[in-house]
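> Sequence lines, in order, name chains A and B.
Numbering follows this note's numbering, in which position 35 of the first sequence is assigned residue number 36; successive positions increment by one, without gaps.
Numbering follows this note's numbering, in which position 157 of the second sequence is assigned residue number 158; successive positions increment by one, without gaps.
Here a beta-carbon is modelled for each residue, glycine too, at the ideal position from N, C-alpha and C.
Handing you a structure now.
2 protein chains.
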Amino acid sequence: MARWQPGAAERMRGAALDLFVERGYDATTAADIAAAAGLTERTFYRHFTDKREVLFWGSDEFEASFLDPIDALPPDAPAMTVVVAAVVGGAGRFTPERRDFATLRAGIVDATPPLRERERDKMARLASLVAQRLIGRGVPATDAQLAAHSGVTVFTTAFARWVAGDARSPEALCADLFDDLARLTGQLNSRTETV
Amino acid sequence: MARWQPGAAERMRGAALDLFVERGYDATTAADIAAAAGLTERTFYRHFTDKREVLFWGSDEFEASFLDPIDALPPDAPAMTVVVAAVVGGAGRFTPERRDFATLRAGIVDATPPLRERERDKMARLASLVAQRLIGRGVPATDAQLAAHSGVTVFTTAFARWVAGDARSPEALCADLFDDLARLTGQLNSRTETV
DNA sequence: CGCGCGATGTCAGCATCTGTCATCACCCGC
DNA sequence: GCGGGTGATGACAGATGCTGACATCGCGCG
């Protein structure tokens with residue numbers, strides 16, 4: 002028999018989710034989570050840099066689902082084409098069977114300021130990574146920033162609607178929101194009216 | 002003679018900035034900051050909810066400089082017009098004589114993950130406030146989200162360039178970036194080509 | 001003169017996070 | 001098999017972040 006049960010991190014993630022739902026984030030200590038998984042506080046911090054981080058596993062795969070589609074595009078693809086591909090790729094991760102979990106998790110994150118902070122940081126980091134790829138493709142730095150962050154805003158907004166119960170798929174929502182964005186920013190041209 | 006010197010918060014802000022520059026954020030304790038201002042750690046936490054918050058005073062005025070211009074607009078102003086007014090209003094706070102301070106502070110914030118997190122949170126909160134005003138004006142919620150966050154992205158990008166030494170004023174930078182954004186999102190229309 | 005107000009000090013205490021060392025099943029080479 | 005290295009864990013100590021409770025005392029007001 003193995004000295005330790007395998008899947009320590011997985012067990013702690015599950016325990017954390019349960020405890021956060023049951024008594025809230027603040028009222029749950031790292032030691033509580035570890036104990037619920039049959040481990041000690043010190044081991045918790047060996048698997049997660051933060052108490053918060055226990056709700057943010059899989060960030061690498063999440064980021065990859067945005068970044069991988071970029072590499073499949075021709076090098077001369079327009080900046081917004083790259084961004085749309087990235088966002089659609091990321092949105093594709095969220096299949097209907099994940100909705101219950103996503104809703105549960107989003108409820109906890111939204112209700113907990115420090116978790117919201119971390120979530121926003123992750124999304125900002127994602128935007129920076131996308132921008133970096135754009136810059137690597139020769140897009141000017143400011144354009145890359147604007148395009149990447151716009152894409153992440155579209156994703157975040159679409160995701161929020163999906164979690165809130167919108168029947169459309171995340172990809173469809175993103176497509177609609179890109180159209181909305183184009184329409185909105187089209188209002189900007191009416192100032193100068195130059196083409 | 003007064004029992005306490007006035008301006009406790011101000012003194013701690015100054016001391017914090019000095020200490021963060023001198024030895025870094027992590028190596029500076031809240032007690033260090035308080036002691037440098039002739040106060041105790043407990044008093045520090047009476048003035049600031051967080052150790053981080055000592056670098057984020059004046060958030061209310063900052064937000065107000067975005068929100069106040071909105072109220073001056075007619076109720077039927079287009080969403081992006083409202084956003085542009087807000088962003089220009091916010092950018093107007095940053096006059097040339099503030100650049101040295103802004104650069105110093107930005108250096109600390111950028112170099113310190115927890116401070117970056119807080120900064121991003123503040124900007125996201127600002128975007129939410131702008132979106133709320135838009136919704137109050139009858140703009141659909143998703144449009145409001147997209148427009149407000151796009152505006153904040155423009156501001157953040159402009160601010161970064163200003164701090165990095167761009168000679169243009171923040172307002173001018175914002176104007177240019179709004180044009181860039183319109184041009185970029187214009188790429189989206191080439192997909193459907195419908196008007 | 002006395003009384004309350006308000007900013008501060010003092011102290012205790014819990015939670016977050018880190019460094020360090022010991023433990024012990026497992027695996028690998030001999 | 002057998003002995004040593006490996007790696008995840010436990011145990012412990014400690015610094016720091018942050019909060020609650022209570023005491024202090026100049027100041028202004030009646």
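Between the C-alpha atoms of Met81 (chain A) and Thr158 (chain A), what's the straight-line distance to the nearest angstrom?
Approximately 17 Å, taken between the alpha carbons.
> Assign Trp163 (chain A) to one of three DSSP states: helix, strand, or coil.
Looking at Trp163 (chain A) - three-state DSSP - the assignment turns out to be helix.
> Note down the Cα distance separating Val89 (chain B) from Val153 (chain A), rounded to an integer number of angstroms.
Answer to the nearest angstrom: the Cα atoms are 23 Å apart.
> So Ala148 (chain B) and Val84 (chain B) are supposed to be a Cβ contact under 8 Å. How far apart are they, rounded?
With 8 Å as the limit, Ala148 (chain B) and Val84 (chain B) qualify as a contact, their Cβ atoms being about 5 Å apart.
> Are there 16 or more other CB atoms within 10 angstroms of the CB of Val196 (chain B), so buried, or fewer, so exposed?
With a pLDDT of 44 at Val196 (chain B), under the threshold of 50, the modelled position of this residue cannot be trusted; read the value that follows with caution. Classification for Val196 (chain B): exposed.
> Residues in the same chain with beta-carbon distance under 8 Å from Gly93 (chain B), minus the five sequence neighbours each way, listed in chain order, please.
The answer, listed in chain order, is Ser66, Pro171 and Glu172.
> Looking at C-beta atoms only, is the number of pairs between the stretch 107-114 of chain A and the stretch 33-46 of chain A that lie closer than 8 Å three or more?
In short, these stretches do not touch, since the Cβ pair count stays below three.
> Check distances from the C-beta atoms of the stretch 74-96 of chain A to those of chain B and list, in chain order, the residues that come in under 9 Å.
So the list reads Pro79, Ala80, Met81, Thr82, Val84 and Val85, given in the order they occur along the chain.
> Looking at C-alpha atoms only, which residue of A:Ala176, A:Thr104, A:Gly8 and A:Asp144 is the closest neighbour of Gly166 (chain A)?
The candidate whose alpha carbon is nearest that of Gly166 (chain A) is A:Thr104.
> Looking at C-alpha atoms only, which residue of B:Glu11, B:Arg14 and B:Phe21 is the closest neighbour of Ala112 (chain B)?
Answer by Cα proximity: B:Phe21.
> Let me know if Glu118 (chain B) comes out buried or exposed under the rule of 16 or more other beta-carbons within 10 Å of its beta-carbon.
Under this definition Glu118 (chain B) is a buried residue.
> Entirely within the stretch 49-85 of chain B and at least 4 residues each: give me those alpha helix (DSSP H) ranges in chain order.
Those alpha helix (DSSP H) runs which fall completely within the stretch 49-85 of chain B and span 4+ residues are 60-72.
> So, at 6 Å on beta carbons, what are the nonlocal neighbours of Ala31 (chain A) in its own chain, with the 5 sequence-adjacent residues on each side left out?
Glu42, Phe45 and Lys52, listed in sequence order.
> In three-state DSSP terms, what is Thr195 (chain B)?
Low local confidence applies: a pLDDT of 47 at Thr195 (chain B) is under 50, so the model's placement there is unreliable, and no value is given.
> Alpha carbon to alpha carbon, how far is Ala132 (chain B) from Ala73 (chain B)? Give it in angstroms, no decimals.
Going from the Cα of Ala73 (chain B) to the Cα of Ala132 (chain B) covers about 16 Å.
> Using three-state DSSP, classify Ala176 (chain A) as helix, strand or coil.
Three-state DSSP puts Ala176 (chain A) in a helix.
> Mapping the DSSP letters down to three states, classify Thr157 (chain B) as helix, strand or coil.
Helix, per DSSP.
> Would you please state the rounded distance, in angstroms, between the beta carbons of Pro75 (chain A) and Ala87 (chain A)? I believe it to be under 8 Å.
At roughly 15 Å, the Cβ-Cβ gap does not stay under 8 Å, so Pro75 (chain A) and Ala87 (chain A) are not in contact.
> Nearest-angstrom Cα distance between Trp5 (chain B) and Arg12 (chain B)?
Approximately 12 Å between the Cα atoms of the pair.
> Around the C-beta of Asp122 (chain B), are 16 or more other C-beta atoms found within 10 angstroms, so that it is buried, or is it exposed?
Its Cβ being crowded by 16 or more others within 10 Å, Asp122 (chain B) is buried.
> Determine the chain A residues that contact Ala125 (chain B) at a beta-carbon separation under 7 Å, and present them in chain order.
Neighbours of Ala125 (chain B) on chain A, chain order: Arg121.
> Would you tell me roughly how many angstroms separate the C-alpha atoms of Phe179 (chain A) and Arg169 (chain A), rounded to the nearest one?
Taking the straight line joining both Cα atoms gives about 15 Å.
> Determine the DSSP secondary structure at Thr186 (chain B), reduced to helix, strand or coil.
Helix.
> So with CB distances below 9 Å, who are the chain B contacts of Ala173 (chain A)?
Near Ala173 (chain A) there are no residues of chain B at all, since even the closest Cβ is about 13 Å away, more than 9 Å.
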